[in-house]
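Below you'll find the structure, written out as structure tokens, and then a few comments.
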Amino acid sequence: MHEMSLAESVLQLVEETAVREKAQRVKLVVLEIGRLSSVEPEAMRFCFEAVTRDSIAQDASLEIIMMPGVGWCMPCGVAVEMAESYDACPLCGSYQVQPTGGTEMRVREIEIE
Amino acid sequence: MCTVCGCGEGEVRLEGGADDGWHEHTDADGTVHRHTHGPAHKFGYKPAGAHTPSHHHADEHADEPGHEPHAPQHVIGGDLDYGTGQAGAHVPGMSQSRMVQIEQDILSKNNSFATANRRHFDEHGIFALNLVSSPGSGKTTLLVKTIERLKGKLVISVVEGDQQTSNDAERIRATGVVALQINTGKGCHLDGHMVGQAVARLQPAEASLFLIENVGNLVCPAAFDLGEHHKVVILSVTEGEDKPLKYPDMFRAADVMLLNKCDLLPYLEFDADLAEANARRVNPQLTIFRVSATSGEGLPAWLAWIENGLAAQCSKRAETVAALKRRVQELERQLAGQ
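If you read the protein sequences in the order shown, they are chains A and B. When we follow my numbering, the leftmost residue of the first sequence carries the number 12, and every step to the right adds one. When we follow my numbering, the leftmost residue of the second sequence carries the number 1225, and every step to the right adds one.
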């Protein structure tokens, strides 16, 4: 459900930028979503379509770039890939892994005309 | 719709009336809703002309990490390059479309409100905690017992978040401390702006404890910083041991976990050690207290943690004030010497 407020925040950033750039409409919105963030891409797509209706971004395509999850394994002292935030270190099996990447939720860019 | 909760009809209500940014709607039946909208809805844009949704990049590229589908050479340092558009790529010879980099966190608005709240708390030596859990974990009872034991020593104010009713704020007020209810309407979490409004209304005292009871929800409140110093997640032993694995975001966002209703452990098959191990799988840094709001067991350690946190917050501010005073004296000496 919080994807709805996140989609609203996306629209807010998009609208501010579109107005500043004197755009007629927004054709494409590109998001970067980390695999370890609290965003479900499908829910985001659904909410994005709902919130952009009757806005400058109506019918805009949504591109979601999934950013890989990365964690720092304390016993190994190296960065390892994580698919979930509760994953064990693939090298040593320890759960002492602190996520360091893949938690981002960003609007990267938009295409306007 | 509302930036806060996605609600359509302005259902966010803050107890006690409107404030800046808040406005009200009156329904056909005469019910008045107070509500805040972010700036997102000021623009009443309709798309210019008919548009055929003719782009399909999203599906083609969605799952390729690090993929750069839109020629970043067109974009320089967050501004746009008017010289090269995407003309030719989509509608040959017609389109004036261009890429504009935004590179902003989706939650940047919320985070700026949260940062302002945290600055206010730090400047006034206020220790702020955000209590999160599923509905029914015993948050409010735990809060009431915590307040009853601390109110003789500390000044406390409380913000209660629920979709509807002011029942919880009334329970807190019955203990004698000030409490403000925020009704989120259709919203599933409190956000930085709501809490900022509540702080302005409550005016928490210097060197006091500020407790925020979030909406009962183990998912959404994890993403929204309110400006608190710590999220405290409450898990009760009548839930499953695997809840930290099912809802990892919240257990990762929290610094403290309270395992509540421990007085019921003899009657349940709940494995408290397994629950703690699961929580530490998600968050190795988690501080865990086993407590029972009903019997009072384990509460002293939790209360001591709060008191230490507040004391640290106050001494941090005292250091800042002392440093500023030293700096003022230094500047005065320099001025006098000139």
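Glycine included, every Cβ here is placed at the ideal spot set by N, Cα and C.
Contact list for the segment 16-31 of chain A against chain B, Cβ threshold 9 Å: Ser16, Leu17, Ala18, Glu19, Ser20, Val21, Leu22, Gln23, Leu24, Val25, Glu26, Glu27, Thr28, Ala29, Val30, Arg31
DSSP three-state assignment for Cys84(A), whether helix, strand or coil: The residue given as residue 84(A) occupies position 73 in the first sequence. Of the three classes helix, strand and coil, the one that applies to Cys84(A) here is strand, per DSSP.
Residue-chain proximity (Val118(A), chain B), Cβ-Cβ < 8 Å: Here the question's residue 118(A) lines up with position 107 in the first sequence. True, the Cβ-Cβ gap to chain B drops below 8 Å.
Closest residue to Ser105(A) among Gly82(A), Met116(A), Arg31(A) (Cα-Cα distance): Taking the first sequence and counting its residues from 1, the one referred to as residue 105(A) is at position 94. Considering only alpha carbons, the answer is Gly82(A).
Beta-ladder partner(s) of Asn1407(B), from DSSP: In the second sequence, the residue the question calls residue 1407(B) occupies position 183. Paired residues: Arg1237(B), Asp1386(B).
Bridge partner(s) assigned by DSSP for Lys1455(B): Position 231 of the second sequence, counting from 1, holds the residue named residue 1455(B). According to DSSP, Lys1455(B) bridges with Asn1354(B).
Span separating the alpha-carbon of Val41(A) from that of Leu73(A): Taking the first sequence and counting its residues from 1, the one referred to as residue 41(A) is at position 30. Taking the first sequence and counting its residues from 1, the one referred to as residue 73(A) is at position 62. Whole-angstrom Cα-Cα distance: 6 Å.
For Ser1332(B), three-class secondary structure by DSSP: Along the second sequence, one-based indexing puts residue 1332(B) at 108. Three-state result, Ser1332(B): helix.
CA nearest to the CA of Arg119(A), picked from Met77(A), Ala34(A), Gly88(A), Val30(A): Position 108 of the first sequence, counting from 1, holds the residue named residue 119(A). For the residues Met77(A), Ala34(A), Gly88(A), Val30(A), the minimum Cα distance to Arg119(A) belongs to Met77(A).
Exposed unless 16 or more other CB atoms sit within 10 angstroms - verdict on Cys97(A): Working through the first sequence from its first residue, we reach residue 97(A) at position 86. In the sequence as presented, Cys is not what sits at residue 97(A); that position holds Tyr. The residue in question, Tyr97(A), is buried, as its Cβ has 16 or more Cβ neighbours within 10 Å.
DSSP state of Phe1448(B) mapped onto helix, strand, coil: Residue numbering aside, residue 1448(B) sits at position 224 when the second sequence is read from its first letter. DSSP places Phe1448(B) in coil when its eight states are reduced to three.
Touching by the beta-carbon criterion (3+ pairs, under 8 Å), the segment 1428-1446 of chain B and the segment 1355-1367 of chain B: yes
Per-residue DSSP class, three states only, for Asn1484(B): Locating residue 1484(B) in the second sequence gives position 260, where the first residue counts as 1. Note: Asn1484(B) maps to strand in three-state DSSP.
Within chain A, partners of Pro1508(B) - CB distance below 8 Å: Along the second sequence, read from residue 1 onward, the residue named residue 1508(B) stands at position 284. Neighbours of Pro1508(B) on chain A, chain order: Met85, Tyr106, Gln107, Val108, Gln109.
Proximity test, Cβ basis, 8 Å: Lys38(A) and chain B: Start at 1 with the first residue of the first sequence, and residue 38(A) comes out as number 27. It does; some Cβ of chain B falls within 8 Å.
Contact set between Ala1446(B) and chain A, taken where Cβ atoms lie within less than 7 Å: In the second sequence, the residue the question calls residue 1446(B) occupies position 222. Those within 7 Å of Ala1446(B) in chain A are Ser49.
Identified DSSP bridge partners for Phe1513(B): Along the second sequence, one-based indexing puts residue 1513(B) at 289. For Phe1513(B), which the question treats as bridged, DSSP gives the partners Leu1482(B).
Check whether Val91(A) and Pro101(A) have beta carbons under 8 Å apart: Start at 1 with the first residue of the first sequence, and residue 91(A) comes out as number 80. Start at 1 with the first residue of the first sequence, and residue 101(A) comes out as number 90. Yes, the pair counts as a contact, with Cβ atoms nearer than the cut-off.
Sequence-distant residues of its chain with Cβ nearer than 6 Å to Ile1396(B) (five each side left out): By one-based count along the second sequence, residue 1396(B) stands at place 172. Apart from the 5 residues on each side of it in sequence, Ile1396(B) sits with its Cβ closer than 6 Å to the Cβ of Val1382, Ala1403 in its chain, given in chain order.
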